[in-house]
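Undergrad: Dumping the structure here so I can ask a few things about it.
Here it is in C-alpha cells:
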C-alpha cells in the first residue's frame, strides 16, 4: 500500500458546506431505506488475506488491494504497514468519519478535526516470553482536536452521539465474538476439508 504525505490545506467554506449537505443527505436517505427494508443494510463483509513470502500479506477487499508487512527487526521486509498501523487507522478514521457524519446531520460546523490514536504495548506479550503479559493493548487513548464555530457543548454532544454509532469505537470497547474456521487444503487439488472451528 502506497503511503504519501500531502501538504495540509483547508477547504473553502463553500466546499465544506457542500460536503456537509452531501453527507447529511446520504445519511438521511440511507436511514430511510433501511428503516423500510432492513435487509438492504444487512450482509457480510469479506476481506481476504493471503500470506506471501516471509511475513508479507496481500489483502483484497472488493476493489481495494494493499500489502501488509512487518519491519526488518520483526523478521519482515517492510513491504507495507503492519497490522497495528491498520488497526489504529481503522479506529481513528472510523471515529473521524462518524464525527463528520453526525456533525453534518446535526448542522454543527466543523472547520478541522484530527484524531490521534495512542496505543500502549508490551511486545513481551507477542513474543511469548511471559504468559502473564497480554499481547492486547493495555490502553488505547484517542485524542480528538476539533475546530468549530459552534459552542463547545454542542460539539461534545455530537461527538458522544457519533461514538454511539461508530463501529470501530464500539469494536475496540466491547467484546466481539470471533470464530476461527480451519480448512486443510490438499496438495492433490481436492476440495479443502473443514478440520476444526473454534471461538
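Residue numbers (our numbering): 18 to 216. Glycine is no exception: its CB is placed at the ideal position from the N, C-alpha and C atoms. Computed from a predicted structure; not experimentally measured.
#1: Quick one: what's got a C-beta closer than 6 Å to residue 127's C-beta in the same chain, skipping five residues either side?
#2: Can you tell which of 54, 192, 61 and 123 has the C-alpha that lies nearest to the C-alpha of residue 41?
#3: Apart from the five residues just before and just after residue 74, which ones in its own chain have a Cβ nearer than 6 Å to its Cβ?
#4: Unbroken beta strand (DSSP E) runs of length 3 or more, entirely within the region 22 to 107: which are they?
#5: Please classify residue 53 as buried or exposed, where buried requires at least 16 other C-beta atoms within 10 Å of its C-beta.
#6: In whole angstroms, give me the CA-to-CA distance for residue 50 and residue 60.
#7: Where does the unbroken beta strand (DSSP E) through residue 210 begin, and where does it stop?
#8: Does the structure place the region 125 to 145 close enough to the region 202 to 211 that three or more beta carbon pairs sit under 8 Å?
#9: What's the gap between the Cα of residue 45 and the Cα of residue 91?
#10: Count the C-beta pairs between the region 101 to 116 and the region 176 to 191 that are closer than 8 Å, then say yes if the count reaches three, no if not.
#11: Quick one: grab the DSSP three-state call for residue 194.
#12: Could you tell me if residue 201 is buried or exposed, where buried requires 16 or more neighbouring beta carbons within 10 angstroms of its beta carbon?
#13: List the endpoints of the continuous alpha helix (DSSP H) containing residue 159.
#14: Kindly list the residues whose CB is nearer than 7 Å to the CB of residue 100, restricted to its own chain and excluding five residues on each side of it in sequence; keep chain order.
#15: How would you label residue 118, buried or exposed, when you count the other beta carbons within 10 angstroms and need 16 or more for buried?
#16: What are the start and end residues of the alpha helix (DSSP H) that includes residue 146?
TA: Taking the structure as given:
#1: Position 110 of the chain shown, counted from the start, is the residue given in the question as residue 127. 120 and 165.
#2: Here residue 41 is taken as the residue at index 24 of the chain shown, counted from 1. Out of 54, 192, 61 and 123, 123 has the C-alpha closest to the C-alpha of residue 41.
#3: Along the chain shown, one-based indexing puts residue 74 at 57. Excluding residues within five positions, the ones whose Cβ falls inside 6 Å are 66, 68 and 85.
#4: 65 to 68, 74 to 78 and 81 to 85
#5: By one-based count along the chain shown, residue 53 stands at place 36. It is exposed - the Cβ of residue 53 has fewer than 16 other Cβ atoms within 10 Å.
#6: Start at 1 with the first residue of the chain shown, and residue 50 comes out as number 33. Start at 1 with the first residue of the chain shown, and residue 60 comes out as number 43. Spanning the two alpha carbons is a distance of roughly 15 Å.
#7: On the chain shown, residue 210 is found 193 positions in, with the first residue counted as 1. Residue 210 -> beta strand (DSSP E) spans 210 to 215.
#8: no
#9: As a working mapping, residue 45 is identified with position 28 in the chain shown. As a working mapping, residue 91 is identified with position 74 in the chain shown. In a straight line, the C-alpha of residue 45 is about 46 Å away from that of residue 91.
#10: yes
#11: For the purposes of this step, residue 194 is taken as the residue at position 177 of the chain shown. Coil.
#12: Locating residue 201 in the chain shown gives position 184, counting from the first residue. Looking at its Cβ environment, which holds fewer than 16 other Cβ atoms inside 10 Å, residue 201 is exposed.
#13: Looking up residue 159 in the chain shown gives position 142. Residue 159 -> not in any alpha helix (DSSP H); beta strand (DSSP E) instead, spanning 157 to 164.
#14: Taking the chain shown and counting its residues from 1, the one referred to as residue 100 is at position 83. Within the same chain, residue 100 has close Cβ partners 85.
#15: Taking the chain shown and counting its residues from 1, the one referred to as residue 118 is at position 101. Residue 118 should be labelled buried.
#16: What you label residue 146 is simply residue 129 of the chain shown in a count that begins at 1. Taken as a continuous stretch (DSSP letters only), residue 146 belongs to no alpha helix (DSSP H), as it is neither H nor E.
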